[in-house]
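Residue numbers (our numbering): 4 to 270.
Put into structure tokens, the structure is as follows:
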């Protein structure tokens with residue numbers, strides 16, 4: 004019997020919406036993290052932010068200045084790896100979040116202002132784009148994409164020549180990936196598995212989910228589940244063209260098979 008995940012329908016509806024109604028999926032994440040979350044207050048917070056900006060012009064710099072005046076900023080490094088940083092209700096209350104949640108707030112506020120806004124996929128950090136201007140959501144400042152890209156490429160990291168806009172699926176997946184990393188750091192292995200399950204709601208054919216699960220089941224000591232996840236990943240990699248990854252999975256399966264046989268002999 005398939006496992007029914009709470010709020011999976013809301014997440015799927017958000018994914019199906021493409022790049023609108025992002026707040027629906029983000030609020031679902033808040034409900035997953037906190038069953039007592041006040042979603043009405045979330046909507047009120049967003050409306051209040053948007054209303055305060057309607058009183059001024061809708062220039063990007065004006066909007067960013069308004070956020071700064073309200074005390075918005077990025078989370079400090081000591082508080083970065085916490086579940087609450089992915090809870091928009093918490094972030095709206097304390098007015099600080101990790102880059103992606105701050106970017107989400109910018110996007111949904113701009114949506115109410117009828118301004119074009121989106122997330123920007125970027126290695127190591129999530130950015131936003133408002134009215135064609137790339138935004139650093141940590142300090143709510145406009146950045147020159149070319150200069151930013153040049154600085155990152157000096158570290159031998161390949162960067163798209165133009166901003167790669169993120170749709171709802173990209174944003175929700177990235178938020179759950181963040182949560183999975185927090186769970187792993189805290190040693191909450193079963194919770195990490197749960198977050199990976201949600202990633203697979205958003206991206207059903209993500210072979211990376213099976214590899215992550217395999218690693219966790221190996222840590223738990225469940226070799227049968229480890230094997231099943233590796234086999235599932237191998238199946239999804241069959242026609243992917245990712246030869247090196249596929250061969251690595253095959254080596255892991257062979258090694259696991261040898262270890263399992265050894266256990267059977269010892270037992």
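For each residue, glycine too, the CB sits at the ideal point set by N, CA and C. Predicted, not measured: the structure shown is a model, and the values here were computed from it.
| query | result |
| --- | --- |
| In this structure, does DSSP put residue 84 in helix, strand or coil? | coil |
| Would you call the segment 49-57 and the segment 113-124 in contact, with 3 or more CB pairs under 8 Å? | yes |
| Roughly how many angstroms lie between the CA atoms of residue 242 and residue 173, to the nearest whole one? | 23 Å |
| Would you identify the three-state DSSP class for residue 224, choosing helix, strand or coil? | coil |
| On the three-state DSSP scale, how would you describe residue 100? | strand |
| Run through DSSP, which three-state label would residue 76 get? | strand |
| Would you tell me roughly how many angstroms separate the C-alpha atoms of residue 89 and residue 194, rounded to the nearest one? | 15 Å |
| Which residue or residues does DSSP assign as beta-bridge partners of residue 271? | Examination of residue 271 is not possible in this model, given that the chain is present from 4 through 270 alone. |
| Using DSSP's beta-bridge definition, name the partner residues of residue 124. | 167 |
| Measure the CB-CB distance between residue 42 and residue 171 and report whether it falls below 8 Å. | no |
| Closest to residue 77 by CA distance: which of 39, 122, 128 is it? | 128 |
| Since I believe residue 29 is in contact with residue 107 (beta carbons under 8 Å), could you give me their beta-carbon distance rounded to a whole number of angstroms? | 5 Å |
| Is the beta carbon of residue 63 less than 8 Å from the beta carbon of residue 146? | no |
| Classify residue 114 as helix, strand or coil using the three-state DSSP reduction. | helix |
| Just checking, does the segment 235-255 make contact with the segment 197-211 on the three C-beta pairs under 8 Å criterion? | yes |
| With a 10 Å radius around its C-beta and 16 neighbouring C-beta atoms as the bar for buried, classify residue 232 as buried or exposed. | buried |
| Pull up the distance between the alpha-carbon of residue 124 and that of residue 11, whole angstroms please. | 23 Å |
| Could you tell me the boundaries of the alpha helix (DSSP H) in which residue 50 lies? | 42-57 |
| Using 8 Å as the threshold, is the C-beta distance between residue 73 and residue 98 below it? | yes |
| So what does residue 130 bridge to, in DSSP terms? | 123 |
| In or out: residue 153 buried (at least 16 other Cβ within 10 Å) or exposed? | exposed |
| In angstroms with no decimal places, state the Cα-to-Cα distance between residue 225 and residue 250. | 22 Å |
| Beta-carbon separation of residue 204 and residue 8 under 8 Å? | yes |
| Rounded to the nearest angstrom, how far is the Cβ of residue 169 from that of residue 121, given a contact under 8 Å? | 6 Å |
| Name the residue from 130, 111, 253 whose alpha carbon lies nearest to the alpha carbon of residue 102. | 130 |
| Can you confirm whether residue 40, when its beta carbon is compared against all beta carbons of chain C, has any partner nearer than 8 Å? | Going by chain labels, chain C is absent from the structure shown, which holds only one protein chain. |
| Could you give the distance in angstroms between the alpha-carbon of residue 38 and the alpha-carbon of residue 45? | 14 Å |
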